[in-house]
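Colleague: Residue numbers (the numbering used here): 903 to 1041.
Just dropping this structure here.
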């Protein structure tokens, strides 16, 4: 665990991290964990359960995430950009009653999701620009 209260951008791309925990970093606006070994969004132990996070950009592309659990995103109330591309995601868990209206960009290129998953997400996130392509033959 690291306490970095004045850090606004953290780039840990290209490492071998399986999890990370950064506490007391309320000023952190951008976190890049591209090309690590993250298996779940909950492996990102960074969050403030009181919803005081200022994280706006989260890049977890190129990891080993198979299930995108949006329940975890409730801890990032101002998250605008989420990049999940290049993960073997085949399932999305979306909590009931949550809108994630602040999420403006969701990148899901090179995943194992299909066209039906994409349409379902577009319905659940109508104000979000979703970039989608599937290694299984989607757009």
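Note that CB positions come from ideal geometry on N, CA and C, so glycine has one too.
Using only CA atoms, which one of 929, 1024 and 960 lies nearest to residue 914?
Modeller: Here residue 914 refers to the residue found at position 12 of the chain shown. Ranking 929, 1024 and 960 by Cα distance to residue 914 puts 960 first.
Colleague: Between which two residues does the beta strand (DSSP E) holding residue 970 run?
Modeller: Residue 970 sits at position 68 when you count from the first residue of the chain shown. Looking at the DSSP string, the run of the beta strand (DSSP E) that includes residue 970 is 969-971.
Colleague: Excluding the 5 residues preceding and the 5 following residue 986 in the sequence, name in chain order all residues of the same chain whose CB lies nearer than 8 Å to its CB.
Modeller: Numbered from 1 along the chain shown, position 84 holds the residue referred to as residue 986. Once the five neighbours on either side are set aside, the close Cβ partners of residue 986 are 962, 963, 967, 970, 1008, 1009, 1010 and 1013.
Colleague: For residue 1004 and residue 981, which I take to be in contact (beta-carbon distance under 8 Å), what is that distance rounded to the nearest angstrom?
Modeller: For the purposes of this step, residue 1004 is taken as the residue at position 102 of the chain shown. For the purposes of this step, residue 981 is taken as the residue at position 79 of the chain shown. Their Cβ separation, rounded to whole angstroms, is 6 Å, which keeps residue 1004 and residue 981 in contact under 8 Å.
Colleague: Anyone know if the C-beta pair for residue 1031 and residue 994 falls short of 8 Å?
Modeller: Indexing the chain shown from 1 puts residue 1031 at position 129. Indexing the chain shown from 1 puts residue 994 at position 92. For residue 1031 and residue 994, no; Cβs fall outside 8 Å.
Colleague: Out of 922, 956, 932 and 933, point me to the one whose CA is closest to residue 945's CA.
Modeller: Position 43 of the chain shown, counted from the first residue, corresponds to residue 945. Answer by Cα proximity: 922.
Colleague: Can you tell me where the alpha helix (DSSP H) holding residue 845 begins and where it ends?
Modeller: Given that the chain is displayed from residue 903 to residue 1041, the structure contains no residue 845 and the question cannot be resolved.
Colleague: Between the C-alpha atoms of residue 1000 and residue 1006, what's the straight-line distance to the nearest angstrom?
Modeller: Walking along the chain shown from the start, residue 1000 turns up at place 98. Walking along the chain shown from the start, residue 1006 turns up at place 104. Distance between the alpha carbons of residue 1000 and residue 1006: 15 Å.
Colleague: Please classify residue 1000: does DSSP put it in a helix, a strand, or coil?
Modeller: Within the chain shown, the letter at position 98 stands for residue 1000. Of the three classes helix, strand and coil, the one that applies to residue 1000 here is coil, per DSSP.
Colleague: Could you tell me the alpha carbon to alpha carbon distance between residue 929 and residue 1025, rounded to whole angstroms?
Modeller: Your numbering for residue 929 matches position 27 in the chain shown. Your numbering for residue 1025 matches position 123 in the chain shown. One C-alpha to the other measures close to 32 Å.
Colleague: Residue 1016 to residue 908, Cα distance in whole Å?
Modeller: Counting from one through the chain shown, the residue named residue 1016 turns up at place 114. Counting from one through the chain shown, the residue named residue 908 turns up at place 6. Cα-Cα distance, rounded: 40 Å.
Colleague: Grouping DSSP H, G and I as helix and E and B as strand, with all else coil, what is residue 861?
Modeller: Coverage of the chain is limited to positions 903 through 1041, which leaves residue 861 absent and any answer about it impossible.
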